[in-house]
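Encoded as C-alpha cells, the structure appears first; notes follow it.
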C-alpha cells in the first residue's frame, strides 16, 4: 500500500481540534451537561485533546470517557473468533447529558452505530452528537457528523490513515491506495 498524499499535518490537526472545540461550545451554548466519549482507539486521544482545548477556552473541565465497541460490531464473527476487549471507561453519569461521540474517521457509519448501541447500554443521554477528525464519505447507514475536522472525498479502495502522537508518536493524516 503506497502513500498518496498527506492530508493533514500536526498544525492542521491542531487547527481542526480547535475549530471543533469552538463549534461544540457554540452549538451547546457552553459546556453545561456536555460530556465527551472517544471511540477506541484513536477517538480517545482526539476526545482528550478536545477536552483540553475546551477547558482552555471555558475554564472548566469536560468529563471525558472512552467506549470500546468490539462486542457491538455487526461483523464480529467475520473478523475474529476471540475478539480482544479493552473495555469502556465512562466513570461519570451520562443520563440527561449531551454526549459527544468522538472518532478519527467517519466512513460507512457502522462504527458509530456500534458506539450508539454501547452508549445506550450505559445510560440515556439527552442527546448524542458526533465529532470526527475526517469524514471520507461512502455511508452505508444514515449517519452524519455534527462536527468535522476535514471532509475528504475518497474512492472505496483508498484508505485514510490517522496517526496521533499518543498512539503513533506523530500527528498526520494521509491517504493511501
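Numbering (full-length UniProt numbering), first residue to last: 1 to 177. Note that the Cβ used here is the ideal one computed from N, Cα and C, for glycine as well. From a predicted model like this one, the values you see are computed outputs, not experimental measurements.
Local Cβ density within 10 Å of residue i, reported as buried at 16 or more and exposed below that
i           : result
residue 6   : exposed
residue 61  : exposed
residue 59  : exposed
residue 53  : buried
residue 10  : exposed
residue 129 : buried
residue 65  : buried
residue 88  : buried
residue 142 : exposed
residue 120 : exposed
residue 171 : buried
Proximity of residue i and residue j at Cβ, strictly below 8 Å
i           : j           : result
residue 168 : residue 132 : no
residue 162 : residue 42  : yes
residue 137 : residue 95  : no
residue 50  : residue 134 : no
residue 90  : residue 24  : no
residue 67  : residue 115 : yes
residue 108 : residue 140 : yes
residue 182 : residue 177 : As shown, the chain starts at 1 and ends at 177. That puts residue 182 outside it, with no answer to give.
residue 69  : residue 173 : no
8 Å contact criterion, which residue i and residue j should meet: CB distance rounded
i           : j           : result
residue 118 : residue 147 : That belief does not hold up - the Cβ atoms of residue 118 and residue 147 are roughly 20 Å apart, past 8 Å.
Residue from the options whose Cα sits closest to the Cα of residue i
i           : options               : result
residue 34  : 40, 21, 142 and 155   : 21
residue 175 : 166, 165 and 158      : 158
residue 1   : 166, 160, 170 and 164 : 160
residue 97  : 127, 111 and 64       : 127
residue 17  : 166, 150, 156 and 170 : 150
residue 30  : 57, 93, 177 and 164   : 57
residue 164 : 156, 125 and 47       : 47
Q. Can you list the beta strand (DSSP E) stretches of 3 or more residues lying completely in the UniProt domain "Phosphoribosyltransferase" (6–153), in chain order?
A. 34–39, 64–67, 98–106, 127–135 and 147–151
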